[in-house]
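Position in the sequence shown (first residue = 1) + 861 = my numbering.
So the structure is just underneath, and the comments pick up after that.
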Amino acid sequence: MFLGPVLAVLLSTFGFNIFYHDIPKLFIWLYHISYFRAAFHSLVVSMYGYNRTTLPCEELYCHYKYPEKFLYETDITDVDISENTFFVGSVGLLMHVCTVVAIWIKINRR
């Protein structure tokens, strides 16, 4: 009950809130195993990547009129969507299997 939310907060920190070059060397591995990061990067690249045209702008100056600029500034430039989708699916499947095994062990403990 306690470990799940703590891990979710920890992995989401390395998915949304911090750039790769700002992570201390000790915690680089958390960046690579964060399924929040994989899902978020895939979502952003699918929306703003693949030569998307300029975004509509009603103001005098729009900083993110060009989607490539947004991807560059958020450090989401070389992302493989299929690899990230496979990773997120694998983590989901692993968590489902772990849940089923834990419930099976609890039920058969009698």
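Glycine included, every Cβ here is placed at the ideal spot set by N, Cα and C.
For residue j and residue i, believed in contact at Cβ under 8 Å, the rounded distance
i    : j    : result
Y925 : L916 : 7 Å
Y896 : L932 : Contact flag wrong, Cβ pair sits at about 20 Å.
Y909 : P885 : Between P885 and Y909 the Cβ distance is about 28 Å, and since that is not below 8 Å, they are no contact.
Beta-carbon contacts of residue i that lie in its chain and below 7 Å, excluding the five residues immediately before and after
i    : result
H957 : none
V940 : H902, S903 and V906
Y881 : Y892 and D936
C918 : K926
Residues near residue i in its chain [Cβ-Cβ closer than 6 Å; skip 5 each side]
i    : result
V952 : Y896
F863 : none
Proximal residues to residue i (C-beta, below 8 Å), its chain only, five neighbours per side dropped
i    : result
I942 : S903, V906 and S907
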